[in-house]
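S.K.: First residue of the sequence shown? That's 702 in UniProt numbering, and the numbers climb one at a time after it.
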Amino acid sequence: AKSRGGRTYAFYTDALTRDARARVELVANLRRALAEHEFTVHYQPIVRLEDQTIVGAEALVRWITPEGEMIGPDRFIPVAEETGLIVPLGDFVLATACTQMARWRTAGLPCAFVAVNISAGQLNATDICAKTEAALAAAGVPADSIEFEITESMLFGADSGAESKLKRIAELGVRIAIDDFGTGYSSLAYLKRFPISRLKIDQSFVRDLPASAVDGELVRAMIAMARALDIEILAEGVEEAAQMAFLVANGCTFGQGYFWSRPLPPERFEALFSNAFGA
Ligand code: C2E
Ligand code: CA
Ligand code: CA
Ligand code: CA
């Protein structure tokens, strides 16, 4: 038993060393990937439920390694956030989204806005307002064609600095959406305090619709609250026609999910407009 315990311990420390080494490697690879322009942005349609038309898109970052492997953000955003690399990475995503939006406007594509995910580290960086203005100006797109997606926890923890930055960003005309709505904090006071345009109901509430009575009631409550506050409401992670039908029947106005499309590279996103979902 003793020797077995010893081996377990050795295995455990080996595993720790391996994890630490893998992390150091990932950080180095992320830096290289930024320098070598290995990141790209995919776009997932945001659909108006009433007539099933695409009104906007969410920008979602992807990492294409030199070997051609596509790595999803869940595997590198947390480390990018911990190391501060999220700031240059976020700058890239915002600039790319603005440039893409400018192209689509020129081409007459009826995509009114692109939503960009913003991490706490980006909001805390002092120059987010100036950077946002500069990105809009460089691409020549109006502020209301860009939406920032932030989470409840960022507002809950917001100091007066973050609060005034969000207000300035909203004053520019950039719209602010609450991402993963319902998964953060129980206090809803921030809905009064901040200039929020849209709530994105987290996919965990949508997954078991329409079978789950509890999730159904929660989603209905969120829709009612958004309506009372005159905030737009969107359901994330819509995969099934039955989920869509529940949302429409209960007055949800926007949806996003595999039911319509996965996130796509820009050329494939553009192609979605030639075959409408409705018919
Ligand atoms: P999120 O902002 O909640 O984005 C939605 C995620 O759900 C995306 O995963 C999307 O591909 C996925 N999704 C969309 N529709 C469906 C569906 O019908 N079913 C299911 N099961 N999933 C669906 P993705 O692209 O892997 O992104 C994961 C997370 O990484 C995002 O969650 C966001 O928090 C973060 N992220 C992505 N891009 C960026 C970025 O540019 N900056 C920052 N800070 N975070 C990002
Ligand atoms: Ca998001
Ligand atoms: Ca989300
Ligand atoms: Ca998320």
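For every residue, glycine included, the Cβ atom is placed at its ideal position computed from N, Cα and C.
1. How about Leu761 and Val742: do their beta carbons lie closer than 8 Å?
2. Run through DSSP, which three-state label would Ile932 get?
3. Just to confirm, is the Cβ distance from Ala813 to Val756 under 8 Å?
4. Please go through the same chain and pick out, in chain order, the residues whose beta-carbon is closer than 6 Å to the beta-carbon of Met802, but skip the five residues on each side of it.
5. Can you check which of these residues, Arg908, Leu965, Val920 and Arg921, is closest to Val939 by C-alpha distance?
6. Evaluate the contact criterion for the region 771-784 versus the region 940-951: three or more CB pairs, one atom per stretch, below 8 Å.
7. Could you compute how far the alpha carbon of Ala980 sits from the alpha carbon of Ser854?
8. Of all residues in the structure, which have a C-beta closer than 5 Å to any heavy atom of ligand 2, taken in chain order?
9. Is any heavy atom in ligand 3 found nearer than 7 Å to the beta carbon of Asp903?
10. Run through the DSSP bridge pairs and tell me what Leu761 is partnered with.
11. Check whether the Cβ atoms of Ala871 and Pro896 sit closer than 8 Å, and answer yes or no.
12. Is the beta carbon of Phe906 less than 8 Å from the beta carbon of Leu919?
13. Could you check if Glu933 belongs to the surroundings of ligand 3, using beta carbon to heavy atom distance under 7 Å?
14. For Ala758 and Pro746, what's the separation of their Cα atoms in angstroms?
15. Hey, is Gly958 close to ligand 6, as in C-beta under 7 Å from one of its heavy atoms?
16. Under 7 Å Cβ to Cβ from Ala821, same chain only, skipping five residues before and after it: list those, please.
17. According to DSSP, simplified to helix, strand and coil, what is Gly979?
18. Going by DSSP, which residues form a beta bridge with Glu848?
19. Within the same chain, show all residues whose beta-carbon is closer than 6 Å to that of Ala863, passing over the 5 residues directly before and after it, in chain order.
20. Can you tell me whether DSSP reads Val939 as helix, strand or coil?
21. Which residue spans inside the region 851-916 form an unbroken beta strand (DSSP E) run of at least 3?
22. Checking 8 Å against the spacing of the C-beta atoms, do Thr884 and Ala840 come in under that value?
23. Quick check on Arg719: buried or exposed, where buried means 16 or more other Cβ atoms within 10 Å of its Cβ?
M.R.: Result, derived from the coordinates:
1. Taking the sequence shown and counting its residues from 1, the one referred to as residue 761 is at position 60. Taking the sequence shown and counting its residues from 1, the one referred to as residue 742 is at position 41. Cβ distance < 8 Å, so Leu761 and Val742 count as in contact.
2. For this step, residue 932 is matched to residue 231 along the sequence shown. Collapsing the DSSP output to three states places Ile932 in coil.
3. Here residue 813 refers to the residue found at position 112 when the sequence shown is read from its first residue. Here residue 756 refers to the residue found at position 55 when the sequence shown is read from its first residue. Yes; because the gap between Cβ atoms is below 8 Å, this pair is in contact.
4. Residue 802 sits at position 101 when you count from the first residue of the sequence shown. Same-chain partners within the cutoff: Val815, Val842 and Ser846.
5. The residue labelled residue 939 in the question sits at position 238 within the sequence shown. The option with the nearest alpha carbon to Val939 is Arg908.
6. no
7. Taking the first residue of the sequence shown as position 1, residue 980 is located at position 279. Taking the first residue of the sequence shown as position 1, residue 854 is located at position 153. Low confidence applies here, because Ala980 scores a pLDDT of 39, under 50, leaving its location unreliable and the question unanswered by this model.
8. Asn818, Glu850 and Asp880
9. Residue mapping note: residue 903 aligns to position 202 of the sequence shown, counting from 1. Answer for Asp903: yes, Cβ within range of ligand 3.
10. By one-based count along the sequence shown, residue 761 stands at place 60. DSSP links Leu761 through a beta bridge to His743.
11. Position 170 of the sequence shown, counted from the first residue, corresponds to residue 871. Position 195 of the sequence shown, counted from the first residue, corresponds to residue 896. Annotated as proximal: Ala871 and Pro896, with beta-carbon spacing under 8 Å.
12. As a first step, residue 906 must be located in the sequence shown, where it is residue number 205. As a first step, residue 919 must be located in the sequence shown, where it is residue number 218. Yes, the Cβ-Cβ distance between Phe906 and Leu919 is below 8 Å.
13. For the purposes of this step, residue 933 is taken as the residue at position 232 of the sequence shown. Flag unset: Cβ of Glu933 not near ligand 3.
14. The sequence position of residue 758 within the sequence shown is 57, counting from 1. The sequence position of residue 746 within the sequence shown is 45, counting from 1. Rounded to the nearest angstrom, the two C-alpha atoms are 4 Å apart.
15. The model depicted lacks ligand 6 and carries ligand 1, ligand 2, ligand 3 and ligand 4 instead.
16. Here residue 821 corresponds to residue number 120 of the sequence shown, with the count starting at 1. Closer than 7 Å at the Cβ level, and outside the excluded window around Ala821, lie Met855.
17. Reading the sequence shown from its first residue, position 278 is the one you call residue 979. Model confidence at Gly979 stands at a pLDDT of 46, short of 50, so the residue's coordinates are unreliable; what they give is reported in the following sentence. It is coil, neither helix nor strand.
18. Within the sequence shown, numbered from 1, the residue matching residue 848 stands at position 147. Paired residues: Ala816 and Arg876.
19. Working through the sequence shown from its first residue, we reach residue 863 at position 162. Counting only Cβ-Cβ distances below 6 Å, and skipping sequence neighbours, we find Leu824.
20. Locating residue 939 in the sequence shown gives position 238, where the first residue counts as 1. Looking at Val939 - three-state DSSP - the assignment turns out to be coil, as it is neither helix nor strand.
21. 876-882 and 899-902
22. The residue given as residue 884 occupies position 183 in the sequence shown. The residue given as residue 840 occupies position 139 in the sequence shown. No, these two residues do not count as a Cβ contact at 8 Å.
23. One-based indexing of the sequence shown puts residue 719 at position 18. Per the 10 Å Cβ criterion, exposed.
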